[in-house]
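In this note's numbering, the protein residues as written are 58 to 958.
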């Protein structure tokens, strides 16, 4: 049968990488202008161009050439220029579950305005892909994915196997998610540049095609051969029509076609064999030597991951739910502004951006974007929360009392110590001359206060000494209103705040101060405890953690380990020689910061003497472009001191202590990790991934040569045996490794390198992360594994704080305590709550982290009816009082006001 060579013109456009964004955009503008000219010039001869699967490139172009929007739109509608389905080509593992969904939602939303979208799950250069991608794609109506990494092609002589070993004899396969969803997988077995720069000259073309046809046929399962005519930042090949004419003359037994993915996939599926290799779950380059996985981008410039985690959490776990609660209370849902915030954040999500593997200028600009998102998001939450608080009836506030509304934006009831700066009194400039106000407030005595809930029950609280500060209001109906306020930080235990709800508290004046309450202990104790755990510290800063319920103890957790790193932003390579330095048996200096009935904070400081850098050999190897695997450099004999200051915090209600590390890094070319030697003996562990708590092996496959076996994580890593489980939840620390010999969870907190890596020498001195850096994590124990014990609830709620809004005494339609959504399930993990993009239906998403099916009941009062939807928020006729959720299924329910669907 005659074979068809599908030639797809494209470019893989990293918006920022070895050049900063605006310099890459300069070349992209040239590419787009040339492309428009080419379509005009060649008429029907130049058929198609694939615009890298990301719609943001159109925004980048139209910002400079808005006059060409109509011409570009015409090409898209004519299916000559192919866009989407993503907004950006994100890194899959370093962006959250909901960020991956928003990326697809926004990409499809934007593509709709142009009249056509490429329905291909396009992951050309993604540094590994999460296992639930086939399920997400199928829910979005996409049945094919194309990717360049994660599966090892073996060639046509190999047989299809039943073993899920991440090998395929063909470049075509079935990719299966944990829930059973399947898509056709297309591996760029010869990379996404195997048809790049096709010669027109016959002699050159013959040499080119003899090799390229043989390479494609080696892995193809059908007579449809794929040739990707492009590469990273590849300029347009204008001579493709002529090159195809040359090839057709030289090889009359082949049909050479200037094609598109839609045409190629249609022809491919008409010819696929009955049996293809099934690849299950996440694609992490498991069956390789381990030296090119790019996994250590998870620890490159960790400060970017921390910024991203903070912004993602703010948008998806706080801003969207609070706005939805306000909407349910009669407000307007500001979906356009939320979409704008998401777009602003996702500009930092392309793999060369969030992975921290670009030149320094790129990552400086990223920090500015993160700061902008944080500014928008924090104000948005404050305004939405204040609007919602204004609808709560606080008219029964005790005289001179201050109402405080505590909102829980998560899907589970939540208890924690909250701290809120409260305005005890404020005087506006309109009430008194501004020069007189500070003295007036200072001289005015303030009463003692107690905190009560809506039922009048006293709540344990702590109010710090007040300060006088300037502030201002920005009313909607008048000019700004400046004031001075007497303010104090209030801390109290907010117990069992309802999911998707709130409770009102009141700060009430007392006649006298209780002098006995909340006294600090003057002694520097070496232990802390609350109702759940006991923590005993040793002189070197390690600690024993005891779970009070079970009586089990894990010993000597929390050792810092420093190693030399002679790799690059992509990959860690340990320096030659025995170079590990740890804090084990190194005395720390302890200091008690706070001890009250609500909170104990203990600070301990290490000064660690480590090599100042790598030795001189590394600079020679970098300049010689020696691949990281082959480098032999060791560590310098010159020494530098780095200071590690750790705050250990245990509050009422915490299932385990929280740690905050501040690093004064003065050394280069090294990696710092925190070690948790659990002594748990097991072959596997659990890690948080995208819509999945994935089980991974502790040891690599036999082909693996790299001594390092690091992994990505979203929020936590967890080990368990038959007696005890231990989980480490983190705030933006996304690289860990399991050291099987003693069951150690090793979490990277800092990595210092000096070059980008890849195809040249690009110095990145700021990737050495000199100066002050920080890291935060929580450690807790549980019985059974993290899924069966539901300990994932604690991990997911870490770093999603309750929101406290100070309001006034006023009448309102809402009661003092309320829960907007009621839901129950044996095992589901909540993911998001928002209002749909196209309708006013409320959308709530969960996923099943377990293999077994379970039930979900959910309802919203005030005449809302539920239906089963998808990640694209589509309506369906499947409506029930109870839904059966299959193992590992991602389920989205829509709630529509009105009669049953």
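Note that CB positions come from ideal geometry on N, CA and C, so glycine has one too.
- Annotated three-state conformation of residue 228 is coil, per DSSP.
- As computed with DSSP, residue 809 is found in a beta bridge with 727.
- For the pair residue 830 and residue 720, the CB atoms are nearer than the 8 angstroms cut-off.
- Looking from the CA of residue 862, the closest CA among 387, 774 and 479 belongs to 479.
- Residue 628 sits away from residue 342, with the two beta carbons spaced by 8 angstroms or more.
- Judged by beta-carbon spacing, residue 642 lies beyond the 8 angstroms limit of residue 408, meaning their Cβ atoms are not closer than that value.
- Within the stretch 385-473, the complete alpha helix (DSSP H) runs of at least 4 residues fall at 392-403, 408-411 and 417-446.
- Straight-line measurement puts the Cα of residue 618 at about 37 angstroms from the Cα of residue 465.
- The stretch 122-154 contains, as complete alpha helix (DSSP H) runs of 4+ residues, the segments 126-134 (chain order).
- Within the stretch 508-594, the runs of beta strand (DSSP E) that reach at least 3 residues and sit entirely inside it are, in chain order, 518-520, 524-530, 538-554, 558-567, 584-586 and 590-594.
- Taking all protein chains shown into account, residue 87 has fewer than 16 neighbouring C-beta atoms within 10 Å of its C-beta and is therefore exposed.
- Counting C-beta pairs with one atom in each stretch, the stretch 147-162 and the stretch 76-93 have fewer than three that are closer than 8 angstroms, which means they do not touch.
- In the DSSP annotation of this structure, residue 244 is not part of any alpha helix (DSSP H); the continuous beta strand (DSSP E) holding it starts and ends at 239-244.
- The shortest CA-to-CA distance from residue 824 to any of 899, 860, 875 and 723 is the one to 723.
- A straight line joining the alpha-carbon of residue 538 with that of residue 494 spans about 14 angstroms.
- For residue 716, the enclosing beta strand (DSSP E) covers residues 715-722.
- DSSP assignment within the stretch 824-856 yields the following whole alpha helix (DSSP H) runs of 4 residues or more, N-terminal first: 849-854.
- Across the structure, residue 562 and residue 75 are spaced so that their CA atoms are roughly 53 angstroms apart.
- DSSP places residue 633 in no beta strand (DSSP E); its state is neither H nor E.
- In the three-state DSSP reduction, residue 668 falls in the strand class (E or B).
- Nearest in C-alpha terms to residue 160, of all of 169, 143 and 172, is 143.
- Under the three-state reduction of DSSP, residue 284 is assigned to strand.
- With a beta-carbon spacing of about 6 angstroms, residue 784 and residue 843 fall inside the 8 angstroms limit used to define contacts.
- In the three-state DSSP reduction, residue 753 falls in the strand class (E or B).
- Looking from the CA of residue 529, the closest CA among 485, 558 and 462 belongs to 485.
- DSSP, read as helix, strand or coil, puts residue 772 in coil.
- Taken through DSSP and simplified to helix, strand or coil, residue 627 comes out as coil.
- Its chain contains 112, 140, 141 and 174 as the residues whose beta carbon lies nearer than 6 angstroms to that of residue 168, once the 5 sequence neighbours on both sides are disregarded; these appear in chain order.
- Taken atom to atom, the span from the alpha-carbon of residue 565 to that of residue 439 is near 23 angstroms.
- Rounded to whole angstroms, the separation of the alpha carbons of residue 357 and residue 767 is 13 angstroms.
- Residue 64 and residue 316 do touch by the CB rule: their CB atoms are close to 6 angstroms apart, below 8 angstroms.
- Distance from the Cα of residue 422 is smallest, within the candidate group 73, 900, 912 and 367, for 73.
- Nearest to residue 270 by C-alpha distance, out of 235, 290 and 247, is 247.
- The shortest CA-to-CA distance from residue 311 to any of 226, 266, 319 and 348 is the one to 266.
- Taking 8 angstroms as the cut-off, the Cβ atoms of residue 474 and residue 649 do not count as close.
- Among the bridge pairs identified by DSSP, residue 621 is matched with 727.
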